[in-house]
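The sequence shown begins at 10 in this note's numbering and counts up by one.
Using N, Cα and C, we set each Cβ at its ideal position, and we do this for glycine too.
Beneath this line is the structure, given in C-alpha coordinates, with notes to follow.
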Amino acid sequence: MQSLSELTISSNLRERFTNANRVLVLTGAGVSAESGVPTFRGGGNTSVWKGMPFDVV
(Lines of atoms letter the chains of each structure in order from A; the text may use other names.)
(Lines give C-alpha, C1' and ligand atoms only; values in the text may rest on other atoms or scores of the structure.)
Protein backbone atom coordinates (compact mmCIF):
# COMPACT_ATOMS: atom_id res chain seq x y z
CA MET A 10 0.00 0.00 0.00
CA GLN A 11 1.30 3.45 -0.88
CA SER A 12 1.69 6.13 1.75
CA LEU A 13 0.05 9.53 1.37
CA SER A 14 3.37 11.13 0.42
CA GLU A 15 3.94 8.51 -2.31
CA LEU A 16 0.47 9.15 -3.72
CA THR A 17 1.12 12.89 -3.73
CA ILE A 18 4.42 12.41 -5.55
CA SER A 19 2.76 10.10 -8.09
CA SER A 20 -0.03 12.60 -8.67
CA ASN A 21 2.47 15.44 -9.01
CA LEU A 22 4.59 13.49 -11.52
CA ARG A 23 1.53 12.49 -13.51
CA GLU A 24 0.47 16.13 -13.72
CA ARG A 25 3.95 17.25 -14.79
CA PHE A 26 4.15 14.60 -17.52
CA THR A 27 0.67 15.47 -18.74
CA ASN A 28 1.45 19.19 -18.97
CA ALA A 29 4.99 18.86 -20.34
CA ASN A 30 5.86 19.69 -23.93
CA ARG A 31 8.87 17.38 -23.77
CA VAL A 32 9.99 14.61 -21.45
CA LEU A 33 13.52 13.22 -21.15
CA VAL A 34 14.07 9.91 -19.38
CA LEU A 35 17.60 8.74 -18.58
CA THR A 36 17.99 5.06 -17.80
CA GLY A 37 20.80 2.63 -17.24
CA ALA A 38 21.93 -0.23 -19.42
CA GLY A 39 19.80 -2.71 -17.50
CA VAL A 40 16.60 -1.35 -19.03
CA SER A 41 17.66 -2.17 -22.59
CA ALA A 42 19.06 -5.56 -21.58
CA GLU A 43 15.79 -6.53 -19.88
CA SER A 44 13.95 -5.49 -23.05
CA GLY A 45 16.06 -7.80 -25.20
CA VAL A 46 18.15 -5.05 -26.84
CA PRO A 47 21.78 -6.22 -27.18
CA THR A 48 24.11 -4.47 -24.75
CA PHE A 49 27.43 -3.01 -25.85
CA ARG A 50 29.63 -4.80 -23.29
CA GLY A 51 27.25 -7.54 -22.18
CA GLY A 52 28.36 -11.10 -21.79
CA GLY A 53 27.57 -13.96 -24.11
CA ASN A 54 26.96 -13.73 -27.84
CA THR A 55 24.66 -10.72 -27.64
CA SER A 56 27.26 -8.01 -26.97
CA VAL A 57 27.63 -5.49 -29.79
CA TRP A 58 31.42 -5.21 -29.52
CA LYS A 59 32.17 -8.95 -29.54
CA GLY A 60 34.92 -9.54 -32.07
CA MET A 61 35.69 -5.84 -32.66
CA PRO A 62 39.34 -4.82 -32.39
CA PHE A 63 40.04 -2.99 -29.13
CA ASP A 64 41.21 0.18 -30.91
CA VAL A 65 37.84 0.40 -32.70
CA VAL A 66 35.88 0.06 -29.47
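Measuring straight from C-alpha to C-alpha, what distance separates residue i and residue j?
i     : j     : result
LEU33 : ARG25 : 12 Å
ARG31 : THR48 : 27 Å
ALA29 : VAL65 : 40 Å
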